[in-house]
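First up is the structure itself, then whatever we jot down about it.
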């Protein structure tokens, strides 16, 4: 196996591992980064960025509260 | 993504409307565009960047003056660039950026059956989903822009490129935003804090966080300094080893041995000092209790001698006499009689089994401690001897090294050697200082991290009866978790790629050069160097640097291609894009030009080379001809007459083509397709 094949294999394995076991914060991290991406490179106005960040975080913290109450 | 067609109107040198259709063939995947310097190669590359990303290469001057001068003189205000392209699923799109009057508009349409469909909403986001803007500069590439992948300038280029290809920009901006929001919640928590305790702790936390960040940054700088100094020392060593003087060579060999010995001896000394710390932990009780244990044992022995320890009579025996009211000699002992009371008083001094056991244990422990004193003294003595011996040996080697250095400096008739030796000594001193700084910053960092943890824990323990306060603190904790998660992901990705990028670079290097060169990445400085078969750094030259630069860019493009479909990414995914390269082979030797021009089209799906005659002439044509699908010539049309100016021609397979045309209606560049008969 050539080095390039080994590299491809390790990349695919790493990607597979990371998708198999999703960290509880991964989804929020992805969503926050997407908000940022849309503002930096996309057509989203930048003044809404922090507002969306606050909303996403508030939503997750509220979910934490609900989980604690259920527990 | 493959480019199909580019339309330009009144953009820089390109007056009027002009069109270039690129080769999209799989086998003949190269489009060649010939142009002399100043005619429009860089403007052409920047037309693509401006259209898709509204950005430019660093060497593109007067970026705000995009309207063609002749068009401007005629009172025209509109210019545009439009690009036809297909994505990986063969869907066809048309992107156009137009500037008219004082407004700019960017639009993208999908083309179906040759017709524009409705305009795609969010065109910038759409283009960025195909090629992220951060990666664009590596696909639409200015060859003269990358002079080095090494040294002070180079290391930042390599690191920045890796981070851009991984999409770090967006994640780092997200981290900055999270920090802002965290500060908002800290301010809210401070306002809701009645006692002022939270404010006090928050202030402390912020100060320690700044300390951590500052120590991290200083540590990183010192580590980079060590790498840089070591690299420079290696270079001097290489010069000394290749000296014409046998004396210098011999002395340098002696020094190499001594330096290796010094490293070994220093490690031995370090191990002995570690052992000493362990001995202190192991024997400290013995050492500090030596006098006390001796006195206690003497006391027990004396009391044993006197017969008071253990007591000469047993508690149970006395109790039995009292209970039975009869002595062991048979005499009656009546309660409340003087004999009875005397016997009863004996109970206060009588020994019991528990007390006896305690005395026995104490005696055993004290005997054990006395025995250990001798053992610990012996171990300490040995350790002190070994440390002393190791310290003396380190000093001896240092003295010998100093002697060797003096001899090298004093080598007769070789003044250059003296200078190198002085430089080496100075660098070694910087190295020692940097190593010492690293130790200091590591300690500072460790201490700050401990204090940060302790202060955060203290904050958590504070009473948070107020509902608002509890909510603010919970949110701050949550934001910190997210920050840590993203930072860790960034760190992991970078580490993973930095380990693998060098494999890719070496893979391309094999294709590009016939010599047995390898690329080596310094993971601390992000410095990429060429090394020869035996591991010696190849001396830097413009040609070698450009070779390494092109190899690195090819590896980045490959990396980006591999990341295109990698799932589980939270950062910007990779991209498959054409490789448009302006002035790729500037200072390369002919042998490299040929190899690289042949290898790049084999590695990338579509290549557009913008070449001047200095790039084209030589070995490029022979190696690339079979891959060329379309070929263009940029002709400079000028309004002035030829007069005595030399008529320069482009020569392709024996046929000549105009480079310049004089006495034309306007000054402009026109792009003409070149067709050469086989």
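Residue numbers (the working numbering), protein chains in the order written: chain E, 1370 to 1440; chain H, 10 to 687.
Beta carbons are placed, not taken as given, at the ideal position from N, Cα and C, and that holds for glycine.
| query | result |
| --- | --- |
| Between the CA atoms of residue 286/H and residue 160/H - distance to the nearest angstrom | Confidence at residue 160/H is low in this model, with a pLDDT of 47, below 50, so the placement of that residue should be treated as unreliable; the coordinate-derived value is given next. Approximately 42 angstroms between the Cα atoms of the pair. |
| Cβ-Cβ separation, residue 587/H to residue 573/H (assumed contact under 8 angstroms), whole Å | Incorrect: roughly 14 angstroms between the Cβ atoms, too far for contact. |
| C-beta neighbour in chain H for residue 1406/E, strict 8 angstroms | yes |
| Assumed close pair residue 507/H, residue 530/H - CB separation to whole angstroms, cut-off 8 angstroms | 7 angstroms |
| Min CB distance residue 1416/E to chain H below 8 angstroms | no |
| Residue-chain proximity (residue 1424/E, chain H), Cβ-Cβ < 8 angstroms | no |
| The segment 639 to 649 of chain H in contact with the segment 593 to 613 of chain H per 3-pair CB rule at 8 angstroms | no |
| Any C-beta of chain E under 8 angstroms from that of residue 526/H | no |
| Closest Cα partner of residue 78/H within the set 20/H, 306/H, 425/H | 20/H |
| Limits of the alpha helix (DSSP H) - the one that residue 671/H falls within | From DSSP, residue 671/H is part of no alpha helix (DSSP H); its letter is neither H nor E. |
| Opposing strand residues paired with residue 341/H [DSSP bridges] | 335/H |
| Members of the segment 482 to 502 of chain H that neighbour chain E once the beta carbon cut-off is set at 8 angstroms | 483, 484, 487, 488, 490, 491, 494, 495, 498 |
| Whole runs of the alpha helix (DSSP H) within the segment 289 to 332 of chain H, excluding any shorter than 4 residues | 299 to 315 |
| Rounded C-alpha distance that separates residue 433/H from residue 412/H | 14 angstroms |
| Which of helix, strand or coil DSSP assigns to residue 9/H | Nothing about residue 9/H can be reported from this structure: the residues present for chain H run from 10 to 687 only. |
| Span of the beta strand (DSSP E), counted from its first residue to its last, around residue 28/H | 23 to 30 |
| Listed by chain order, chain H residues near residue 1429/E by CB distance under 7 angstroms | 487 |
| Extent of the continuous alpha helix (DSSP H) run through residue 638/H | Here residue 638/H belongs to no alpha helix (DSSP H); instead the beta strand (DSSP E) covers 637 to 646. |
| Per DSSP, cross-strand counterpart(s) of residue 120/H | 101/H, 125/H |
| CB contact flag (residue 108/H, residue 677/H, <8 angstroms) | no |
| From 293/H, 301/H, 261/H, 221/H, residue whose alpha carbon lies closest to that of residue 420/H | 261/H |
| Local Cβ density within 10 Å of residue 52/H, reported as buried at 16 or more and exposed below that | buried |
| Residue 219/H to residue 454/H span [Cα, whole Å] | 11 angstroms |
| Residue 130/H, buried or exposed, once every other Cβ within 10 Å from all chains shown has been counted against 16 | exposed |
| Backbone secondary structure at residue 665/H - three-state DSSP | strand |
| In DSSP terms, what residue 94/H is bridged to | 12/H, 102/H |
| CB contact flag (residue 665/H, residue 654/H, <8 angstroms) | no |
| Bridge partner(s) assigned by DSSP for residue 681/H | 642/H |
| Chain E contact for residue 23/H (CB, 8 angstroms cutoff) | no |
| Environment of residue 276/H [buried if 16+ CB atoms lie within 10 Å] | exposed |
| Stretch-stretch touch, CB-based, cutoff 8 angstroms, three pairs: the segment 63 to 75 of chain H with the segment 1411 to 1423 of chain E | no |
| Cβ-Cβ separation, residue 198/H to residue 207/H (assumed contact under 8 angstroms), whole Å | 6 angstroms |
| For residue 450/H and residue 628/H, the rounded distance between their alpha carbons | 53 angstroms |
| C-beta contact flag for residue 119/H and residue 126/H at 8 angstroms | yes |
| Cutoff 8 angstroms: residue 522/H Cβ touching any chain E Cβ | no |
| Contact check, residue 44/H vs residue 555/H, beta carbons under 8 angstroms | no |
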